[in-house]
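Asks: If you count by this note's numbering, then the sequence shown holds residues 2 to 261, one letter each, in order. A virtual CB, placed ideally from N, CA and C, is assigned to each residue, including glycine. Please read through the structure below; I'll follow up with questions.
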Amino acid sequence: MKTVEPKVFLIGETRIVEEGLRAFLEHTGAPGWSTDAPSDSEMICETMGRLCYRSFEPGLNPNVTRIREGNAPYLANILQVGHGSVLEHAQLNFIFADVSRVVTHELVRHRAGVAISQESLRFVRLDALSAYVPLHIRESEEGLALFVRTFEELERLQRELADLYGIDDEKKFDVKKKLTSAFRRMAPIGVATTIGWSCNFRTLRHVVEMRTDPHAEEEIRLLFGMVYRLVRERYPNLFSDYEETLVDGLPWVRTAHAKV
Ligand SMILES: Cc1cc2nc3c(=O)[nH]c(=O)nc-3n(C[C@H](O)[C@H](O)[C@H](O)COP(=O)(O)OP(=O)(O)OC[C@H]3O[C@@H](n4cnc5c(N)ncnc54)[C@H](O)[C@@H]3O)c2cc1C
C-alpha cells in the first residue's frame, strides 16, 4: 500500500469578458469605472453588487451621493452586511486527489452551489490501494502496523478476486463493470480516490467555516485548511474577514460574518 496526503488542484476560475463589461458600463452610464480587484472573481462580485444600487459612481442613482471606492472596502462591506448572494456569481473548479471516501462522503453532503464529479469505482478497478494515515494511527507503532497490514491484505484480496473471476480475460466491458463494482464492496472506506468539486464563493466560505472547525473530521480539516490558504492568497478580498488559528496543527478559520 502507498500512504498519501490529500492534494488540492485549482483548475479553473471565472473570468471577466472585458468587452462585455465595458459595453455594460457604457450602457449604464459609468464608462470610466474601474476597480483595483486582485482577481476577476473579486471584480465580478463587486460589479454584480454595484449594479444593485447603481453605485459605480455618485449620481448615477440620484439617491446615491457617496460610494465606497476600491474592491477591498467594497467586498468587506458586502461580507459585513451579509449580502452573500453576490458571492455566488464567481465559481471555482477544484480537483481533490488522494482523498479518502471518508472525505468524499462528507464533502457531497454540501449540496448548495456545488458541482461534483467523482472517480467511479465501478469503472476504475482497485488494485494498488493508497490511503491517508490519520494522526492517531501514525502516532502508534502498533496501530500503524495494523493499519498497513490490513490495507495490504485488502489489496491482496482485490488481486485475488480479479484472478478468481478472470476479469483481465473478460471481453465484455459490462461484465467487467459489474465485477469491479462487486469487488469494491470489499475495499476500505479509507481508500484514496479523486473528486472534482466546483463551487461558488458563497458556498466555499460556508464549507471552509464548517470543515476547518476542530469538531470536523481530521482529513477534511486538513483538506479545507489547504483550500483556505490557497484561496485566501489568490482572492484576498473575498476572505479578508477570516482569522486563522491552529488547533492540532491544522487551521481553524473563523469570522464574525459566518455563512454570509
Ligand atoms: C462536525 C460535523 C459533524 C457532522 N455530523 C454528521 C452526522 O453525524 N450525521 C450526518 O448525517 N451529517 C453530519 N454532518 C453533516 C451536516 O449535517 C450537513 O449535512 C453538512 O455539513 C452539509 O452542510 P449544510 O446542511 O449546511 O448544507 P450545504 O449544502 O452546504 O448548504 C448550505 C446552506 O444552504 C441551505 N440549504 C441547503 N440545502 C437546503 C435545503 N434542501 N433546504 C433548505 N435549506 C438548504 C442551508 O442553510 C445550508 O446550511 C456533520 C457535519 C459537520 C461539519
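Shortest alpha-carbon distance to Ile-117 belongs to which of Thr-105, Arg-123, Leu-61, Asp-249?
Replies: Nearest C-alpha to Ile-117: Thr-105.
Asks: Between the C-alpha atoms of Ala-91 and Asp-170, what's the straight-line distance to the nearest angstrom?
Replies: So the two alpha carbons sit approximately 48 angstroms from each other.
Asks: Starting from Thr-82, trace the beta strand (DSSP E) in both directions and tell me its first and last residue.
Replies: First, the amino acid is wrong: residue 82 is Val here, not Thr. First-last for Val-82: 72 to 82, but that is the alpha helix (DSSP H), not the beta strand (DSSP E).
Asks: Report whether the distance from the Cβ of Ala-116 to the nearest heavy atom of ligand 1 is below 7 angstroms.
Replies: It does not: the Cβ of Ala-116 is nowhere closer than 7 angstroms to a heavy atom of ligand 1.
Asks: Use the C-beta contact count for Gly-226: other C-beta atoms within 10 angstroms, 16 or more gives buried, fewer gives exposed.
Replies: Buried, by the Cβ-count rule.
Asks: Expressed to the nearest angstrom, what Euclidean distance is found between the alpha-carbon atoms of Arg-203 and Ser-241?
Replies: So the two alpha carbons sit approximately 14 angstroms from each other.
Asks: Looking at C-alpha atoms only, which residue of Pro-135, Glu-142, Ile-17 is the closest neighbour of Leu-323?
Replies: Any question about residue 323 goes unanswered here, given that the chain covers just 2 to 261.
Asks: Would you say the beta carbon of His-207 comes nearer than 7 angstroms to a heavy atom of ligand 1?
Replies: Yes, the Cβ of His-207 comes within 7 angstroms of a heavy atom of ligand 1.
Asks: Taking just the CA atoms, how far does Phe-95 sit from Leu-61?
Replies: Going from the Cα of Leu-61 to the Cα of Phe-95 covers about 39 angstroms.
Asks: Return the chain-ordered ranges of every alpha helix (DSSP H) run that is complete within the segment 175 to 235 and spans a minimum of 4 residues.
Replies: Qualifying alpha helix (DSSP H) stretches, in chain order: 202 to 212, 219 to 235.
Asks: Leu-127 to Pro-32, Cα distance in whole Å?
Replies: Going by the C-alpha atoms only, they are around 57 angstroms apart.
Asks: Quick one: what's got a C-beta closer than 8 angstroms to Arg-102's C-beta in the same chain, skipping five residues either side?
Replies: Contacts found: Ile-190, Gly-191, Val-192, Thr-194.
Asks: Do Val-87 and Gly-50 count as a contact pair if the criterion is CB distance below 8 angstroms?
Replies: Their beta carbons are under 8 angstroms apart, which means Gly-50 touches Val-87 by this criterion.
Asks: Tell me the residue span of the alpha helix (DSSP H) that contains Gly-144.
Replies: Unbroken alpha helix (DSSP H) run through Gly-144: 142 to 165.
Asks: Counting by C-beta, which residues lie closer than 5 angstroms to a heavy atom of ligand 1, in chain order?
Replies: So the residues near ligand 1 by this Cβ test are Arg-110, His-111, Arg-112, Ala-113, Met-211, His-216, Ala-217.
Asks: Go to Ala-116, then tell me how far its beta strand (DSSP E) extends in each direction, as first and last residue.
Replies: Counting along the chain, the beta strand (DSSP E) containing Ala-116 begins and ends at 115 to 119.
Asks: Go ahead and label Val-209 buried or exposed: buried means 16 or more other beta carbons lie within 10 angstroms of its beta carbon, across all protein chains shown.
Replies: Buried, since its Cβ has 16 or more Cβ neighbours within 10 Å.
Asks: If you pair each beta-carbon of the segment 215 to 224 with each one of the segment 151 to 160, do three or more pairs fall below 8 angstroms?
Replies: Touching, no.
Asks: Considering only the alpha carbon of each residue, which of Gly-30, Phe-152, Ser-121 lies closest to Ala-188?
Replies: Taking only the C-alpha atoms, the option nearest Ala-188 is Phe-152.
Asks: Assuming Tyr-166 and Leu-147 are in contact, meaning their beta carbons sit under 8 angstroms apart, how far apart are those beta carbons, in whole angstroms?
Replies: So it is not a contact: roughly 29 angstroms between Cβ atoms.
Asks: Between which two residues does the beta strand (DSSP E) containing Arg-255 stretch?
Replies: Where Arg-255 is concerned, the enclosing beta strand (DSSP E) stretches over 251 to 255.
Asks: The beta strand (DSSP E) with Ala-38 in it runs from where to where?
Replies: Neither: Ala-38 is in no beta strand (DSSP E) and is coded neither H nor E.
Asks: Taking Cβ positions, are Glu-120 and Ile-196 nearer each other than 8 angstroms?
Replies: In contact: Glu-120 and Ile-196 (Cβ atoms closer than 8 angstroms).
Asks: What residue range is occupied by the uninterrupted beta strand (DSSP E) comprising Ile-96?
Replies: Per DSSP, Ile-96 belongs to the beta strand (DSSP E) from 92 to 101.
Asks: On the DSSP bridge list, what partners appear for Ser-131?
Replies: Paired residue(s): Lys-3.
Asks: Return the CA-CA distance between Phe-57 and Ser-42, expressed in angstroms with no decimal places.
Replies: Their Cα atoms are separated by approximately 17 angstroms.
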